[in-house]
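Here the structure comes first, spelled out in structure tokens, and everything after it is commentary.
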Amino acid sequence: QLTGQCEELSFGDLRRILMALARCWQMFPIHSELLGELCATLAAKSQNCDPRDLIAVPQHLGRLRYLHPELIAVTSSAVWTIVSSRLAVFPLDVFRALDGFLLLSSIVDSAEPRVKLLAMADKCGLFATQLLRLASIDELWSCGAQLMAAEIVEPRAWAIWAKEAINRRTDE
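Numbering-wise, the working numbering puts 122 at position 102 of the sequence shown, and it's gapless, one number per residue.
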């Protein structure tokens, strides 16, 4: 039903549809034509949006195992803006971006894009570490529960959280 209709949807609706598809892609086949249209429209409509609205998109693309170069470039730029400007975000959102960049790097074929995706993952990892260090112990434990609920799968993301949890156990 969505094919050919994406242009009529709002940026927020497109983002929510991408998230829904990423959550249930294993239950039914998703046509690459629809994904292509959805991602292209989302990238086009993302101009002048708050970069925080794009922070989870890499995770959605990674879960779908779908490489859309234009949307990856747009979201990478948004995440770069968030990290370099230290915009206020929840640690979970940074972990979702980290998870997504690592998932995407595992499916890209050529070295140059893989290196760029891994560099973005590194930046997200450093930023997530900083955010966790600033969090209270309750926020740290809450973040761990949120990582589970968000189905973060990458061991590297969990290692960042676990390291901070271990550091806190010895500090307090």
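Even glycine gets a Cβ: it sits at the ideal position worked out from N, Cα and C.
Bear in mind the structure is a predicted one, so any value in this text is a computation, not a measurement.
Proximity below 9 Å, CB of residue i to CB of residue j
{"i": "Ala76", "j": "Cys26", "result": "no"}
{"i": "Ala42", "j": "Leu84", "result": "yes"}
{"i": "Val99", "j": "Phe121", "result": "yes"}
{"i": "Glu57", "j": "Pro111", "result": "no"}
{"i": "Leu34", "j": "Leu62", "result": "yes"}
{"i": "Leu55", "j": "Tyr86", "result": "yes"}
{"i": "Asp119", "j": "Gln150", "result": "no"}
{"i": "Ile92", "j": "Leu124", "result": "yes"}
{"i": "Ile127", "j": "Gly82", "result": "yes"}
{"i": "Glu184", "j": "Leu152", "result": "yes"}
{"i": "Gly145", "j": "Ile180", "result": "yes"}
Burial state of residue i, where buried means 16 or more other Cβ atoms lie within 10 Å
{"i": "Gln67", "result": "exposed"}
{"i": "Ser96", "result": "buried"}
{"i": "Lys143", "result": "buried"}
{"i": "Leu74", "result": "buried"}
{"i": "Glu28", "result": "exposed"}
{"i": "His51", "result": "exposed"}
{"i": "Asp113", "result": "buried"}
DSSP state of residue i mapped onto helix, strand, coil
{"i": "Ile172", "result": "coil"}
{"i": "Val114", "result": "helix"}
{"i": "Asn187", "result": "helix"}
{"i": "His80", "result": "helix"}
{"i": "Ala177", "result": "helix"}
{"i": "Arg85", "result": "coil"}
{"i": "Asp129", "result": "coil"}
{"i": "Trp45", "result": "coil"}
{"i": "Ala155", "result": "coil"}
{"i": "Gln150", "result": "helix"}
{"i": "Ser30", "result": "coil"}
{"i": "Ser66", "result": "coil"}
{"i": "Arg35", "result": "helix"}
{"i": "Leu54", "result": "helix"}
{"i": "Ala108", "result": "coil"}
{"i": "Gln166", "result": "helix"}
{"i": "Thr95", "result": "helix"}
{"i": "Gly24", "result": "coil"}
Residues near residue i by beta carbon distance below 7 Å, same chain, minus five either side
{"i": "Phe115", "result": "Ala148, Leu167, Ile172, Ala177"}
{"i": "Ala170", "result": "Leu112, Arg116"}
Own chain partners of residue i with C-beta closer than 6 Å, once the 5 adjacent residues on each side are dropped
{"i": "Pro133", "result": "none"}
{"i": "Val94", "result": "Ala63, Ser66"}
{"i": "Met39", "result": "His80"}
{"i": "Trp45", "result": "Leu84"}
Cutoff 8 Å; reference residue i; Cβ partners in own chain excluding five residues on either side
{"i": "Gly24", "result": "Glu57"}
{"i": "Phe31", "result": "Leu62, Lys65, Ser66, Cys69, Asp73"}
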